[in-house]
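What follows is a single structure, written as structure tokens, with notes after it.
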Amino acid sequence: MTESKLRFWEIALLFALAAALMWGSWSLQQQDRLERKMIRLHVIANSDSEADQALKLQVRDRVLTLATDILRRADSREQAERYIEAALPDLQATAADEIAAQGYSCGVTARLERAEFPEKDYDGFSLPAGEYLALRVVIGEGQGRNWWCVVFPTLCTAAESEDLRTVAASAGLTSDELALMTEENPRYQPEFKLLEWLTQLRALLAGN
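Sequential numbering from 3 applies to the sequence shown in the numbering used here.
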């Protein structure tokens, strides 16, 4: 009888493990599709001084306003990427103009590149950790705390002024992808933790 019980639990454990792996694989695919439909905005301060952190937010506001205006005509990530690539000189000039207006002389760069992001909670939605395409604005030495959000779709401002689902749907996000972003308290949910582990494992295997 004991041996029979052990076999039952062994089989149950195997089924549970298989289900977890299938769930993890599905979630990872959802995350990959989510990453391919988004462009993050990443603004990095010169340092952690109070003045440099305040300057970071002022630069962020100017860049975000211009980027949002540029991307209003974009209806796909590919189109948004082309628009940002073409506008990089203007975006960098806008950031430099704001820095000069605030009385600073530090340099600034704006570039579009892939970068690793941690899991992040925003106002009304969350994003799992992963590698995303990002508009990165680096001020001065770029050694300070950074600020990030989603510039395409325009989710940086959607929670404040527009319906999140409408904005997400207009950029091609599916209901499943939106659900991955808007689950209540996702930081404490197993799916996000599993995604983090799977992403780290995939990066480790790719490195080998």
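Backbone N, C-alpha and C fix where the C-beta goes; we use that ideal spot for every residue, glycine too.
Would residue i be called buried (16 or more neighbouring beta carbons within 10 Å of its own) or exposed?
i: glycine 2; result: Nothing about residue 2 can be reported from this structure: the residues present for the chain run from 3 to 210 only.
i: proline 120; result: exposed
i: glutamate 115; result: exposed
i: alanine 82; result: buried
i: aspartate 54; result: buried
i: glutamate 100; result: buried
i: arginine 138; result: buried
i: arginine 62; result: buried
i: alanine 76; result: buried
i: alanine 56; result: exposed
i: alanine 170; result: buried
Name the residue from the options whose alpha carbon lies nearest to the alpha carbon of residue i.
i: isoleucine 72; options: Glu80, Leu175 and Ile86; result: Ile86
i: tyrosine 106; options: Gln60, Glu179 and Val169; result: Gln60
i: asparagine 48; options: Glu133, Glu37 and Asn148; result: Asn148
i: arginine 38; options: Ala88, Glu80 and Ile141; result: Glu80
i: alanine 117; options: Glu52, Gly174, Gly142 and Glu133; result: Glu133
Rounded to a whole number of angstroms, what is the C-alpha to C-alpha distance between residue i and residue j?
i: aspartate 92; j: alanine 98; result: 10 angstroms
i: glycine 144; j: arginine 167; result: 34 angstroms
i: leucine 30; j: alanine 102; result: The predicted model places leucine 30 with a pLDDT of 47, which falls under 50 and marks its position as unreliable, so this point remains unresolved.
i: leucine 90; j: arginine 113; result: 7 angstroms
i: glutamine 94; j: threonine 67; result: 13 angstroms
i: threonine 176; j: valine 140; result: 32 angstroms
i: tyrosine 124; j: cysteine 151; result: 8 angstroms
i: alanine 158; j: serine 78; result: Strictly speaking, residue 158 in this sequence is cysteine, with alanine absent from that position. Taking the straight line joining both Cα atoms gives about 17 angstroms.
i: lysine 58; j: histidine 44; result: 11 angstroms
i: methionine 40; j: isoleucine 46; result: 19 angstroms
i: leucine 226; j: leucine 36; result: Only positions 3 to 210 of the chain appear in the structure, and residue 226 is not among them; the question remains open.
i: glycine 174; j: glycine 109; result: 36 angstroms
i: serine 51; j: lysine 122; result: 23 angstroms
Do the CB positions of residue i and residue j come within less than 8 angstroms of each other?
i: proline 155; j: serine 172; result: yes
i: alanine 131; j: arginine 42; result: no
i: arginine 65; j: threonine 96; result: Before going further, note that residue 65 is valine rather than arginine in the sequence given. The answer is yes: Cβ separation under 8 angstroms.
i: alanine 69; j: valine 153; result: yes
Give a yes or no on whether 8 angstroms exceeds the smallest Cβ distance from residue i to chain C.
i: alanine 82; result: Looking for chain C here will not work: only one protein chain is present.
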